[in-house]
Amino acid sequence: MPESDPLEPQAVQKPARKKKRPGLSADMPLSEYARAVMRVHFDELIRHEAGTRLGEDIEELHDMRVATRRLRAVFEVFAPAFRLKAVKPLLRDLRAARQALGPVRDLDVFIENAQAYQKENAVDLGLLVEIWQAERETARAKMLAYLDSPAFETFKTDFETFLSTPGQGARRFDPDDPHPQLTWQAAPSLLYQRYGDVLACEGLIAEASPEQLHDLRVRFKKFRYAVEFLRDVLGKPAAGVISDLKIMQDHLGQLNDAHLACDLLSGLLSGLETRHQSLPLGLRPDLGGVLAYLASLHSLRREKAETFPQAWKNFTRPEFRRSLALSLSEL
Numbered sequence: 004m005p006e007s008d009p010l011e012p013q014a015v016q017k018p019a020r021k022k023k024r025p026g027l028s029a030d031m032p033l034s035e036y037a038r039a040v041m042r043v044h045f046d047e048l049i050r051h052e053a054g055t056r057l058g059e060d061i062e063e064l065h066d067m068r069v070a071t072r073r074l075r076a077v078f079e080v081f082a083p084a085f086r087l088k089a090v091k092p093l094l095r096d097l098r099a100a101r102q103a104l105g106p107v108r109d110l111d112v113f114i115e116n117a118q119a120y121q122k123e124n125a126v127d128l129g130l131l132v133e134i135w136q137a138e139r140e141t142a143r144a145k146m147l148a149y150l151d152s153p154a155f156e157t158f159k160t161d162f163e164t165f166l167s168t169p170g171q172g173a174r175r176f177d178p179d180d181p182h183p184q185l186t187w188q189a190a191p192s193l194l195y196q197r198y199g200d201v202l203a204c205e206g207l208i209a210e211a212s213p214e215q216l217h218d219l220r221v222r223f224k225k226f227r228y229a230v231e232f233l234r235d236v237l238g239k240p241a242a243g244v245i246s247d248l249k250i251m252q253d254h255l256g257q258l259n260d261a262h263l264a265c266d267l268l269s270g271l272l273s274g275l276e277t278r279h280q281s282l283p284l285g286l287r288p289d290l291g292g293v294l295a296y297l298a299s300l301h302s303l304r305r306e307k308a309e310t311f312p313q314a315w316k317n318f319t320r321p322e323f324r325r326s327l328a329l330s331l332s333e334l
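Numbering of the sequence shown is given in the numbering used here, commencing with residue 4 and proceeding in unit increments.
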């Protein structure tokens, strides 16, 4: 946004925007705004490392994993600000961290959901939980090996250096080929690009496959992350935008989790049937609880799929577009 029009000498120069939080301003170069956002999530990653290693509170691992996801998302949202070659090693190391943490966290969710269903419905899911807990211990051993590795130490050192060095990895633009370089200049295109990516799925909503709905969930997540990363320099209506995006992401997340659990349970049941095929029926484990749990997941998956078109209709209402535009109008 120009501070004054050179063709209008009488124009009053606008004062610099006030920072809504120390360290973040819409007038910052896009790369340095992104670096400041990354600092928040990198510090979260480090803060939850000890708890993740200890393993007494599964939320520590959850928060550490979320931090790795958000760090990756910052690079994606603010990609125009960085040279890919310069940040590629960091992206590679982030991927390794996510791959180490992910399997343990996924099994935490599966186990937690199964135990909740078992408690609420008085069914026996002991065998299922036992199998998943054994898999979790194997995955946790691999995770700890990664956290103890020189690769993870190098990742932390390299990332700290990147965050502490203004300008590192920043893209340099040709003055004769102008591009938005300040945060307030780039924010509209960053947000509307992701909004457009979501709206592009309009034609799939009525008969979308699980894979297409999963892709849409990822698009919603990227859109929400973009708004959240810019929240400190957007107007107050951004809170409502984030709330609406979270509703959609949660709806699709529940559907996706149910779909993955259905596939996982179906494969597990098939394997158990094969494993115990030679045993007399009376000696085979009782899988009635697992079958009931699978049926409930099928029901949840269907319910979420059938109600999604209405959720989409609510999301595409004019009020959402107005809130998004008003959020940007205060830059």
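Ideal Cβ placement from N, Cα and C applies to all residues, glycine included.
message: Just verifying my parser: in three-state terms, what is the DSSP assignment at Leu-94?
response: Residue mapping note: residue 94 aligns to position 91 of the sequence shown, counting from 1. Helix.
message: Just verifying my parser: in three-state terms, what is the DSSP assignment at Phe-85?
response: Walking along the sequence shown from the start, residue 85 turns up at place 82. Three-state DSSP puts Phe-85 in a strand.
query: Using the beta-carbon count (16 or more within 10 Å), is Met-4 buried or exposed?
result: Here the question's residue 4 lines up with position 1 in the sequence shown. Any reading at Met-4 needs caution, since the residue's pLDDT is 40, under 50, leaving its predicted position unreliable; the model's value is listed next. Result: exposed.
query: Can you list, in chain order, the residues of its chain whose CB lies under 8 Å from that of His-65, leaving out five sequence neighbours each side?
result: Position 62 of the sequence shown, counted from the start, is the residue given in the question as residue 65. Listed in chain order, the non-local C-beta contacts of His-65 below 8 Å within the same chain comprise Arg-108 and Asp-111, local neighbours out to five positions each way being set aside.
task: Look up Ala-173 in the DSSP assignment and give the residues it is bridged to.
output: Reading the sequence shown from its first residue, position 170 is the one you call residue 173. Phe-85, per the DSSP bridge assignment.
- prompt: When we look at the beta-carbon of Asn-259 and count the other beta-carbons within 10 Å, is it buried (16 or more) or exposed?
  reply: In the sequence shown, residue 259 corresponds to position 256, counting from 1. When all chains shown are included, Asn-259 counts as buried.
- prompt: In whole angstroms, what separates the C-alpha of Ala-70 from that of Ser-152?
  reply: Position 67 of the sequence shown holds residue 70. Position 149 of the sequence shown holds residue 152. Distance between the alpha carbons of Ala-70 and Ser-152: 19 Å.
- request: Return helix, strand or coil for Pro-1, following the three-state DSSP convention.
  value: The shown model of the chain, from 4 to 334, leaves out residue 1, and the question about it has no answer.
Nearest-angstrom Cβ-Cβ length linking Asp-161 and Pro-92, presumed shorter than 8 Å: The residue given as residue 161 occupies position 158 in the sequence shown. The residue given as residue 92 occupies position 89 in the sequence shown. Right, the Cβ-Cβ distance comes to about 7 Å (below 8 Å), so this counts as a contact.
field: Assigned exposure category for Asp-235 - 16 Cβ within 10 Å defines buried
entry: Taking the sequence shown and counting its residues from 1, the one referred to as residue 235 is at position 232. Result: buried.
- request: Report yes if the CB atom of His-254 is closer than 8 Å to the CB atom of Phe-311, and no otherwise.
  value: Walking along the sequence shown from the start, residue 254 turns up at place 251. Walking along the sequence shown from the start, residue 311 turns up at place 308. Yes.
task: Taking only runs that begin and end inside the stretch 100 to 157, name each unbroken alpha helix (DSSP H) of 4 or more residues, in chain order.
output: 129 to 150
field: Inter-stretch contact (C-beta, 8 Å, three-pair minimum) for the stretch 229 to 244 and the stretch 317 to 332
entry: yes
query: Leu-272 lies in the alpha helix (DSSP H); which residues open and close that run?
result: Within the sequence shown, the letter at position 269 stands for residue 272. That run of the alpha helix (DSSP H) goes 241 to 278.
task: Alpha carbon to alpha carbon, how far is Thr-157 from Trp-315? Give it in angstroms, no decimals.
output: On the sequence shown, residue 315 is found 312 positions in, with the first residue counted as 1. On the sequence shown, residue 157 is found 154 positions in, with the first residue counted as 1. Spanning the two alpha carbons is a distance of roughly 44 Å.
query: Is the beta carbon of Leu-94 less than 8 Å from the beta carbon of Phe-113?
result: Locating residue 94 in the sequence shown gives position 91, counting from the first residue. Locating residue 113 in the sequence shown gives position 110, counting from the first residue. No, they are not a contact pair.
- request: Give the DSSP-derived three-state secondary structure of Pro-32 in the structure shown.
  value: Residue numbering aside, residue 32 sits at position 29 when the sequence shown is read from its first letter. Here Pro-32 sits in strand by DSSP.
task: Taking the CB atoms as reference points, tell me whether Leu-202 and Phe-223 lie closer together than 8 Å.
output: Position 199 of the sequence shown, counting from 1, holds the residue named residue 202. Position 220 of the sequence shown, counting from 1, holds the residue named residue 223. Result no, Cβ atoms of Leu-202 and Phe-223 do not sit closer than 8 Å.
task: With Asp-55 as the anchor, note down where its alpha helix (DSSP H) starts and where it stops.
output: In the sequence shown, residue 55 corresponds to position 52, counting from 1. Residue 55 is actually Thr in this sequence, not Asp. That run of the alpha helix (DSSP H) goes 52 to 57.
field: Collapsed DSSP secondary structure at Leu-207 in the structure displayed
entry: Position 204 of the sequence shown, counting from 1, holds the residue named residue 207. Leu-207 falls in the helix class under three-state DSSP.
query: Can you name the start and end residues of the alpha helix (DSSP H) that Gly-292 belongs to?
result: Here the question's residue 292 lines up with position 289 in the sequence shown. Annotation: the continuous alpha helix (DSSP H) that includes Gly-292 extends over 291 to 318.
message: As a quick exercise: from Glu-140, Tyr-195 and Gly-129, pick the residue whose alpha carbon is nearest that of Ser-330.
response: Locating residue 330 in the sequence shown gives position 327, counting from the first residue. With distances taken between Cα atoms, Ser-330 lies closest to Tyr-195.
message: Just to check my reading of the structure: Ala-295 and Asn-124 have Cβ atoms closer than 8 Å, yes? What is that Cβ distance to the nearest angstrom?
response: Here residue 295 corresponds to residue number 292 of the sequence shown, with the count starting at 1. Here residue 124 corresponds to residue number 121 of the sequence shown, with the count starting at 1. Yes, they are in contact, since the Cβ atoms of Ala-295 and Asn-124 sit about 7 Å apart, within 8 Å.
task: Alpha carbon to alpha carbon, how far is Ala-99 from Lys-145? Give it in angstroms, no decimals.
output: For the purposes of this step, residue 145 is taken as residue 142 along the sequence shown, with counting starting at 1. For the purposes of this step, residue 99 is taken as residue 96 along the sequence shown, with counting starting at 1. Their backbone Cα atoms lie some 12 Å apart in a straight line.
- prompt: Are the beta-carbon atoms of Leu-166 and Leu-33 separated by less than 8 Å?
  reply: Against the sequence shown, residue 166 aligns to sequence position 163. Against the sequence shown, residue 33 aligns to sequence position 30. Not in contact: Leu-166 and Leu-33 (Cβ atoms no closer than 8 Å).
message: Using only CA atoms, which one of Asp-127, Asp-289, Glu-47 and Leu-290 lies nearest to Lys-159?
response: For the purposes of this step, residue 159 is taken as residue 156 along the sequence shown, with counting starting at 1. Answer by Cα proximity: Glu-47.
message: Give me the residue from Leu-97, Thr-168, Gly-270 and Pro-178 with the minimum Cα distance to Tyr-149.
response: Working through the sequence shown from its first residue, we reach residue 149 at position 146. For the residues Leu-97, Thr-168, Gly-270 and Pro-178, the minimum Cα distance to Tyr-149 belongs to Leu-97.
task: Report the option in Phe-318, Phe-45 and Ala-37 whose CA atom is closest to the CA atom of Glu-163.
output: Your numbering for residue 163 matches position 160 in the sequence shown. Of Phe-318, Phe-45 and Ala-37, the residue nearest in Cα terms is Phe-45.
query: Less than 8 Å separating the beta-carbons of His-301 and Cys-265?
result: Taking the sequence shown and counting its residues from 1, one reaches residue 301 at position 298. Taking the sequence shown and counting its residues from 1, one reaches residue 265 at position 262. Yes, the Cβ-Cβ distance between His-301 and Cys-265 is below 8 Å.
message: So the candidates are Leu-57, Lys-122 and Tyr-228; which of them puts its Cα closest to the Cα of Phe-81?
response: Here residue 81 refers to the residue found at position 78 of the sequence shown. Closest option to Phe-81, Cα to Cα, is Tyr-228.
query: Over what stretch of residues does the alpha helix (DSSP H) that includes Val-230 continue unbroken?
result: By 1-based counting over the sequence shown, the position of residue 230 is 227. It spans 213 to 232 - the alpha helix (DSSP H) in which Val-230 sits, taken as one unbroken run.
Nearest residue (CA-CA) to Gln-252, options Glu-52, Leu-272, Leu-233 and Lys-225: For the purposes of this step, residue 252 is identified with residue 249 of the sequence shown, where counting begins at 1. The residue from Glu-52, Leu-272, Leu-233 and Lys-225 with its alpha-carbon nearest to that of Gln-252 is Lys-225.
field: Environment of Asp-8 [buried if 16+ CB atoms lie within 10 Å]
entry: Residue 8 sits at position 5 when you count from the first residue of the sequence shown. For Asp-8, the pLDDT reaches just 37, beneath the cut-off of 50, and the residue's location in the model is therefore unreliable, although a value from the coordinates is still provided. The residue is exposed, with fewer than 16 neighbouring Cβ atoms inside 10 Å.
Which listed residue (Ala-173, Val-90, Asp-127 and Ala-119) has its alpha carbon closest to that of Pro-288: If you number the sequence shown from 1, residue 288 lands on position 285. Ranking the options by Cα distance to Pro-288, first place goes to Asp-127.
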